[in-house]
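Following: one structure in structure tokens, then a few remarks.
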Amino acid sequence: MLLEYTVLSQLHFRSKDFTVRYFEFQVTTQIKMRDIITKSGLFLSLLAYVSAWDGRIVFEDNFDGTRLDLNKWEYQEGCGNQYGGNNLQCYTRNNVAVQNGNLVITARRENMEDKEYTSGRIRQKGSGFAYGAYVVRARMSRGDHLHPALWLFYRETDCRYEEIDIAEYRGQPSEARKLAMAAHWGKEWYAITSKETKVDTPQDLSNGFHEYAVLWRPASIEWYIDNVKYFEASLTDGSFTRDPNKLPCRGEPKPFMMQSNFIFNIAVGGGFFGGFPPMDPATWTQPNMQVDWVRVYQE
1 MLLEYTVLSQ LHFRSKDFTV RYFEFQVTTQ IKMRDIITKS GLFLSLLAYV SAWDGRIVFE
61 DNFDGTRLDL NKWEYQEGCG NQYGGNNLQC YTRNNVAVQN GNLVITARRE NMEDKEYTSG
121 RIRQKGSGFA YGAYVVRARM SRGDHLHPAL WLFYRETDCR YEEIDIAEYR GQPSEARKLA
181 MAAHWGKEWY AITSKETKVD TPQDLSNGFH EYAVLWRPAS IEWYIDNVKY FEASLTDGSF
241 TRDPNKLPCR GEPKPFMMQS NFIFNIAVGG GFFGGFPPMD PATWTQPNMQ VDWVRVYQE
């Protein structure tokens, strides 16, 4: 259930003549009723949910039903390498659920075809969007070699590759406070230029929900966690277009201008875990990623 509310507040200051003056301001937005109920202090909870992002919402899913909205999303299934990464799982719709107001993607140790693990992956339907703020409130999974990811991908694959990784996480305890952020652009997945980083955060990201966001403009992409900026990639400094062998075969050779779609998934193992020791499924104390809501804002 969504509740629309208005916050009316006052900003006080004291002038040089010691006269107390104030301005009133108000913000109207929406919040899930259960978020109000489960948080202590109604007023502080409302203030915490006032959006930091400009523009109007052009795409939104609050996952309030009992099943995935197939008008907005599609399952991506399979055991082959069509999804890249040399991963160890098969993707199946049985590992995707909508429960208690959250999208839940779960990795399991079970055999399917030639794989020993299963997991889930969904992609946003439609033509997607270019530019704006892309915001996801999610809780990461916990366990060896679990690789939850929130990302944007250009749907066409004919010699033009655009990928923005909003948040990529490693489930190992030693990585619990770290998060990878990246932008990959070029001709094909094996011929791309990347700008990426791995940041340290104040807390274990599998312990609770956090807002992960990118602010995508024609000149730059910025990455945020809980409205704090962690990374920025310039799109106009020439670094993405420097290597002629990595330029797209068609279209304008300008990085990150194509409409892209959300993809949410948990991979198991693969190249993202380069130097890690052998996997221990006994550490899978929380083998699911939960997504509370997702939004796209555009001016």
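Counting along the sequence shown from 1, when you hit position 111 you're at 111 in the UniProt record's numbering, and nothing is skipped either side.
The C-beta atom is built at its ideal place from N, Cα and C for all residues, glycine as well.
Computed from a predicted structure; not experimentally measured.
- Here Ala176 carries a coil assignment [DSSP, helix/strand/coil].
- The C-beta distance from Trp73 to Arg123 rounds to 7 Å, short enough to fall under 8 Å.
- In chain order, Leu68, Tyr75, Ile105, Gly120 and Ile122 place their CB closer than 7 Å to the CB of Val96, counting only its own chain and leaving out the 5 sequence neighbours on each side.
- Setting aside the 5 residues that flank it on each side, Lys229 is surrounded in the same chain by Glu222 and Trp223, each with a C-beta closer than 8 Å to its C-beta; the list follows chain order.
- A distance below 7 Å between beta-carbons, with the five flanking residues on each side excluded, links Asp204 to the following residues of its chain, in chain order: Ala176 and Arg177.
- For Glu168 and Ala183, the gap between their C-alpha atoms comes out near 12 Å.
- Between Thr193 and Asp243, the C-beta gap is smaller than 9 Å, which places the two residues in contact.
- About 4 Å separates the beta carbons of Ala267 and His147, which is inside the 8 Å limit, making them a contact pair.
- Cα atoms of Asn288 and Lys198: separation of roughly 22 Å, rounded to the nearest angstrom.
- Assignment of Pro244 by DSSP, reduced to helix, strand and coil, places it in the helix class.
- In the DSSP assignment, Trp223 falls within the beta strand (DSSP E) that extends over Ser220 to Ile225.
- Shown here for Gln89: same chain residues with a beta carbon closer than 7 Å to its own, the five before and five after excluded, namely Ala107, Lys115, Tyr117, Thr118, Ser119, Ala267 and Val268 in chain order.
- The region 122 to 137 and the region 247 to 264 touch, with no fewer than 3 CB-CB distances between them shorter than 8 Å.
- Looking at the backbone, the Cα of Glu188 and that of Gly270 are separated by about 19 Å.
- The continuous beta strand (DSSP E) containing Thr118 extends over residues Lys115 to Ser119.
- As a beta-bridge residue in DSSP terms, Met181 pairs with Thr197.
- Residue pairing from DSSP places Met112 in a beta bridge opposite Lys115.
- When the beta-carbon positions are compared, Asp292 and Phe59 stay at least 9 Å from each other.
- Annotated three-state conformation of Arg155 is coil, per DSSP.
- With fewer than 16 other Cβ atoms inside 10 Å of its own Cβ, Arg217 counts as exposed.
- Between Val296 and Val135, the C-beta gap is smaller than 9 Å, which places the two residues in contact.
- Cβ neighbours of Trp151 within its own chain (closer than 7 Å, five residues either side excluded): Glu163, Ile164, Asp165, Ile166 and Ile263.
- A Cβ-Cβ contact shorter than 9 Å links Phe240 with Gly186.
- When the alpha-carbon of Asn87 is set against those of His145, Gly55 and Tyr190, the nearest one is in His145.
- A Cβ-Cβ contact shorter than 9 Å links Ser206 with Arg142.
- In the three-state reduction of the DSSP assignment, Phe129 falls in the strand class.
- Around the beta-carbon of Arg56, fewer than 16 other beta-carbon atoms lie within 10 Å, marking it exposed.
- Across the set Gly171, Gly251 and Ser174, the C-alpha of Gly251 shows the shortest separation from the C-alpha of Thr157.
- Going by DSSP, Gln76 is part of no beta strand (DSSP E) at all; its letter is neither H nor E.
- Only exposed fits Leu70, as fewer than 16 other CB atoms lie within 10 angstroms of its CB.
- Looking from the CA of Asn245, the closest CA among Tyr190, Gln298, Lys125 and Ala219 belongs to Tyr190.
- Excluding five sequence positions before and after Arg137, the CB atoms of its chain that fall closer than 6 Å to its own CB belong to Phe209, Glu211, Asp292 and Trp293, given in chain order.
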